[in-house]
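Data first, discussion second: the structure below is written as structure tokens.
There are 2 protein chains.
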Amino acid sequence: MSEETPKKVPTILAENIAAQSRIFTVQKQKLEFSNGTQVTFERLLGSKNGAVLIIPLLDDDHILLIREYGAGVGRYELGFPKGKVDPGETWKEASIRESQEEVGYLPEQVRLLDSVSLAAGYMTHYTHIVLATGLSEQYAEGDEPEPLEVVKWHLSDWHKLIQHPEFSEGRAYAALMLILKERNYI
Amino acid sequence: MSEETPKKVPTILAENIAAQSRIFTVQKQKLEFSNGTQVTFERLLGSKNGAVLIIPLLDDDHILLIREYGAGVGRYELGFPKGKVDPGETWKEASIRESQEEVGYLPEQVRLLDSVSLAAGYMTHYTHIVLATGLSEQYAEGDEPEPLEVVKWHLSDWHKLIQHPEFSEGRAYAALMLILKERNYI
Chain A
9 MSEETPKKVP TILAENIAAQ SRIFTVQKQK LEFSNGTQVT FERLLGSKNG
59 AVLIIPLLDD DHILLIREYG AGVGRYELGF PKGKVDPGET WKEASIRESQ
109 EEVGYLPEQV RLLDSVSLAA GYMTHYTHIV LATGLSEQYA EGDEPEPLEV
159 VKWHLSDWHK LIQHPEFSEG RAYAALMLIL KERNYI
Chain B
9 MSEETPKKVP TILAENIAAQ SRIFTVQKQK LEFSNGTQVT FERLLGSKNG
59 AVLIIPLLDD DHILLIREYG AGVGRYELGF PKGKVDPGET WKEASIRESQ
109 EEVGYLPEQV RLLDSVSLAA GYMTHYTHIV LATGLSEQYA EGDEPEPLEV
159 VKWHLSDWHK LIQHPEFSEG RAYAALMLIL KERNYI
């Protein structure tokens, strides 16, 4: 056990694309660690601008969640509105757009709370967690295959949310924890 | 806005492998939603048995974290010990093995707190969050390219942890939230 000390990141000896599909890119990286060990890793390259996860705060104590089919897990998932930051877009613009498309509210203010990774070991992906406040009803058409169900949740019921079988994403826990801290619930 | 109602999951019309590398498999799925809309999604197939994330509880108020190079994010990441559940292994066996390999402690008890997804929309991956208690020092050799740094953290310092620039994984937030709840810190 030790105190944290800065450690030299491994040297990249080589990198190339190992596989590619319409939306996924796998990169192979040959690395040399500071102790001389050489390892070849594969990692998924995320979109350069990352994604946003929006916490729509309806009033001091209520957030808005969505129920959306998750093709990864093969069932409906209860979580926060999310989306990729499109090319040329800022995280602010993406947050404002996605809020309107996914929950039907235009935020007056958006503020970056934190940015989280999905799997630090093998994904470059980052998701920016954005607090959206000053909400007024204003829907914009998105690319969803069906209308999303919007669910209002009282922050004091956070225990029920983390026990909910449809609330499963690690980054949704992160967002919940950050808003609970922000609103002094924890 | 509505109360939660059960919704029929889309019908899978077709699925096939779209890309494959040494460790990643991308599946293409053609789905039909209950409103008749047909969409083709790509999703990453995770390993069948999932992964474990272990919360090694050293005493009532201290957890053990590791600092490990994260090839995805390209820097050292501070987080919980983790690993894939190997073929033929249970989550219990994987947790006990990884505890010894990554933090050098053998747990007397392991208990499943929850299971989290990474990205419900496009990854099938699940990570089982396991509380490990009754720790005694016992190291086992793993496949790490360099020795891992083990960091002892007081649970009351959780605010500092979530602000730490090297603590970035969504699922690590989930694990932290669960252990804080378990130990009545929140």
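In order, the protein sequence lines correspond to chains A and B. If you count by my numbering, then the first sequence holds residues 9 to 194, one letter each, in order. If you count by my numbering, then the second sequence holds residues 9 to 194, one letter each, in order. Just so you know, even glycine gets a beta-carbon here, dropped at the ideal spot from N, CA and C.
Boundaries for A/Ser123: no alpha helix (DSSP H) harbours it, while the beta strand (DSSP E) harbouring it runs Gln117 to Ser125, taken from the DSSP string. Going by DSSP, B/Glu85 is part of the beta strand (DSSP E) stretching over Arg83 to Gly87. Ranking B/Phe32, B/His133 and B/Glu109 by CA distance to the CA of B/Tyr147 puts B/Glu109 first.
In terms of beta-carbon proximity, A/Val17 lines the interface with chain B, with at least one pair separated by less than 8 Å. In the structure shown, A/Lys189 falls within a helical segment according to DSSP collapsed to helix, strand and coil.
Per the DSSP secondary-structure output, B/Ala180 pairs with nothing in a beta bridge. Secondary structure of B/Ala148 (DSSP, three-state): coil. Bridge pairing for B/Trp161: B/Ile71 [DSSP]. Here B/Lys56 has no same chain residue with a Cβ atom under 7 Å from its own Cβ, once five neighbours each way along the sequence are excluded.
Contacts with chain A (Cβ-Cβ distance below 7 Å) from the region 147-168 of chain B involve Pro153, Glu154, Glu157, Val158, Val159 and Lys160, listed in chain order. Inter-segment contact for the region 101-118 of chain B and the region 38-54 of chain A is absent: fewer than three beta-carbon pairs are separated by less than 8 Å. At a cut-off of 8 Å between beta-carbon atoms, B/Ser55 makes no contact with chain A. As DSSP reads the structure, A/Pro64 sits in a beta bridge with A/Ala140. By the C-beta criterion, the region 131-149 of chain B is judged not to be in contact with the region 158-167 of chain B, since fewer than 3 inter-stretch pairs fall below 8 Å.
Per DSSP, B/Glu110 lies in no beta strand (DSSP E); the unbroken alpha helix (DSSP H) holding it starts and ends at Trp99 to Glu110.
Looking from the CA of B/Met131, the closest CA among A/Gly44, A/Arg75 and A/Glu85 belongs to A/Glu85.
Rounded to the nearest angstrom, the gap between the Cα atoms of B/Ser144 and B/His70 is 14 Å. Under the 8 Å criterion on CB atoms, B/Tyr77 is classed as interfacial with respect to chain A.
Identification of residues in the region 20-42 of chain B having a C-beta nearer than 8 Å to some C-beta of chain A yields Ala26, Ala27, Gln28, Ser29, Arg30, Ile31, Phe32, Val34, Lys36, Gln37, Leu39, Phe41 and Ser42, given in sequence order.
Within the same chain, and ignoring the five residues on either side of A/Leu39 in sequence, the residues whose Cβ sits closer than 8 Å to its Cβ are Pro18, Thr19, Ile20, Leu21, Gln46, Val47, Thr48 and Phe49. Excluding sequence positions up to five before and after B/Ile194, its CB lies within less than 6 Å of the CB of Leu188, all in the same chain and listed in chain order. Taking the Cβ atoms as the reference, B/Gly58 lies roughly 18 Å from B/Val34, outside the contact range of under 8 Å.
The residue from B/Lys36, B/Phe32, B/Glu106 and B/Gln171 with its alpha-carbon nearest to that of B/Ile25 is B/Lys36. Distance from the Cα of B/Lys15 is smallest, within the candidate group A/Gly44, A/Leu156 and A/Gly80, for A/Leu156. Around the beta carbon of A/Gly91, a 10 Å sphere encloses 16 or more other beta carbons of the protein chains shown; the residue is thus reported as buried. Near chain B, meaning a CB-to-CB distance below 7 Å, the residues of the region 173-188 of chain A are Ser176, Glu177, Gly178, Arg179, Tyr181, Ala182 and Met185. A/Ile194 reaches chain B at Ile194, counting residues in chain order whose Cβ is nearer than 7 Å.
The Cβ of B/Val138 sits no closer than 8 Å to any Cβ of chain A.
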